[in-house]
Amino acid sequence: MIFAASAAFLAALLLILDRAKILERTAKAPALLLVCGAAASLCYRMVGGPAAPSEWVAAGADVLLAALGFAAAAQFRISRLATICPASFRLTIGGAPLFLVLCGLAAYVLAPNLTLGAAFLLAGALTLNGAAFDRRAVADAPAPAVIKAAVRLESAAILALGLPVAVMLEAAATVAPEGMPAATPLFETSFSALSAFAVGGLSGLAAGMAGNQLRNKNLRAPLAVAAAAIAALSAGPLGGHPVIAAVAAGLIWGEESHAVSTTRVRLRRVVDHYVLPIAYLACGALLVPQLLQADMLSVVFALAAVTILRAGPRLTSLSSTSLARESQMFLAWFGGAPGVASGLFLISLFDAPSIMAQDAVLTVGALSVILGIAAARATSRPLIRVLLKETALARKRAMFAS
4 MIFAASAAFL AALLLILDRA KILERTAKAP ALLLVCGAAA SLCYRMVGGP AAPSEWVAAG
64 ADVLLAALGF AAAAQFRISR LATICPASFR LTIGGAPLFL VLCGLAAYVL APNLTLGAAF
124 LLAGALTLNG AAFDRRAVAD APAPAVIKAA VRLESAAILA LGLPVAVMLE AAATVAPEGM
184 PAATPLFETS FSALSAFAVG GLSGLAAGMA GNQLRNKNLR APLAVAAAAI AALSAGPLGG
244 HPVIAAVAAG LIWGEESHAV STTRVRLRRV VDHYVLPIAY LACGALLVPQ LLQADMLSVV
304 FALAAVTILR AGPRLTSLSS TSLARESQMF LAWFGGAPGV ASGLFLISLF DAPSIMAQDA
364 VLTVGALSVI LGIAAARATS RPLIRVLLKE TALARKRAMF AS
């Protein structure tokens, strides 16, 4: 019920902002939105405003996360990912799990007050990478097609497949109710995930099959959006997780639909246009205040998480591909930083007081997300210029060698 009410409220808010052209003006300024959200939160606290109910905050984050997860899942056919883009496949099945393990172990060692379960929950949240402005930096540049495809599909695949993993890690880090077995939260979440996959899968399958029969191909994407919304709203009453239901609808629709890549990209851009401005404002308002509780060890871990811990596993996973060395190094650093999806997942934990070391997870996670967004924002355009220069030099060397 709270999820449905939050979805209705956010839909009305987005409609008002879109009519006022505010979304169009602010969608390309994520750093400014973060600052504005943090400033608004600070002013609100200074005047002594009451804290927002945590269950409503978490439900709003779930709504936005469901939209992002669905759009990411709809970008690719999971059965053809390895064929269409081997680099994205390697980063998804190799780089992301390796980052999850190394990041979880590093968090357990470095971050204060984190249990092993809480450390891997933090790592699962930070694995949900991808930010809109870094994709635009590549899409708007004359970069090689294989690089553009890898940037688009890698972040989508990791987000779509990583969300269920993050939800299960949340259950593993949750303390069982008194008198109940320790594995109770994990069993309950497993049932919730299976129910969500069933609801979302059926909804996405129906939308994909129906869309393939339509003569007007432009109706395929709206039909998919409707299917995801129905799946997310109906999953809760049936005991399923709304976010996983939306992701499942996107995955099955992406596999079943005959929609071309331009339709899928257009769908993602529409979701980004409406969701990301609100998401960045929310991250600024709710996560930036968490930085006041950070200590030096948290800073050390956050710096490692957005630099060597993410670039190392990504470069390792790409080393066996046929990509040129400069392309491998570019993709190793360019993607993988925790972004707005990681921030929304952390916000969704606000209503989970039974999570072990919840405050430490939120503090260290918020610091890592803010540093990840700042690092991606500061390095995206310089990196693409270096890649274009190195690619041109490589072509000249190959021409002279032949």
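Position one of the sequence shown corresponds to residue 4 (my numbering), numbered consecutively onward.
Idealized CB from N, CA, C, for every residue including glycine.
Under DSSP, Pro-341 shares a beta bridge with Asn-132. In the three-state scheme derived from DSSP, where H, G and I count as helix and E and B as strand, Thr-118 is classed as coil. Annotated three-state conformation of Thr-324 is coil, per DSSP. Short of 8 Å from the beta carbon of Leu-26, and not among the five residues preceding or following it, lie these beta carbons of its own chain, in chain order: Leu-17, Leu-20, His-276, Tyr-277, Pro-280. The beta carbon of Val-367 lies closer than 8 Å to those of Ala-110, Ala-114, Leu-117, Leu-125, Ala-297, Ser-301, Phe-304, Ala-305 in the same chain, with the five residues before and after it left out. Collapsing the DSSP output to three states places Thr-366 in a helix.
In this structure, Leu-166 sits away from Thr-95, with a CB-CB distance that is not shorter than 8 Å.
Excluding residues up to 5 positions away in sequence, Ile-255, Glu-259 lie with their Cβ nearer than 7 Å to the Cβ of Leu-208 in the same chain. It is roughly 15 Å from the alpha-carbon of Asn-132 to the alpha-carbon of Ala-307.
Distance from the CA atom of Arg-272 to the CA atom of Lys-392, rounded to whole angstroms, is 28 Å.
Shown here, Thr-266 sits in a helix according to DSSP, grouped into three states. Take the alpha-carbon of Asp-65 and the one of Leu-396: they are about 46 Å apart.
Of the candidates Leu-156, Leu-101, Ala-378, Ser-44, the residue whose Cα lies closest to the Cα of Ile-87 is Leu-156. In this structure, the straight-line span from the alpha carbon of Ala-251 to that of Leu-189 is close to 20 Å. In the DSSP assignment, Pro-188 falls within the alpha helix (DSSP H) that extends over 187 to 216.
Secondary structure at Thr-177: strand, using DSSP grouped into helix, strand and coil. In the DSSP assignment, Ser-357 falls outside any alpha helix (DSSP H) and carries neither an H nor an E. Counting C-beta pairs with one atom in each stretch, the segment 343 to 351 and the segment 101 to 109 have fewer than three that are closer than 8 Å, which means they do not touch. The beta carbon of His-261 sits closer than 6 Å to the beta carbons of Asn-215 from its chain, once the five residues preceding and following it are set aside; these are given in chain order. Around the CB of Thr-265, fewer than 16 other CB atoms lie within 10 Å, so the residue is classed as exposed. The three-state reading of DSSP puts Lys-392 in helix, counting H, G and I together.
A straight line joining the alpha-carbon of Glu-191 with that of Ser-323 spans about 39 Å.
Val-202 is positioned such that its CB atom lies no closer than 8 Å to that of Gly-257. Residue state for Met-49 is assigned as helix, using DSSP reduced to three classes. A distance below 8 Å separates the beta carbons of Leu-236 and Ala-7. By the criterion of a C-beta distance shorter than 6 Å, Val-309 is surrounded in its chain by Ala-340, Leu-374, Gly-375, Ala-378, once the five residues flanking it on both sides are discounted. One alpha carbon belongs to Arg-223, the other to Met-359, and they sit about 43 Å apart. Inclusion of Leu-172 and Phe-92 in the CB contact set at 8 Å is not warranted, their separation being larger than that value. For Asn-221, the three-state secondary structure derived from DSSP is helix. For the pair Ala-77 and Ala-152, the Cα-to-Cα distance works out to about 15 Å. The criterion of a C-beta distance shorter than 8 Å is satisfied by Ser-57 and Phe-353.
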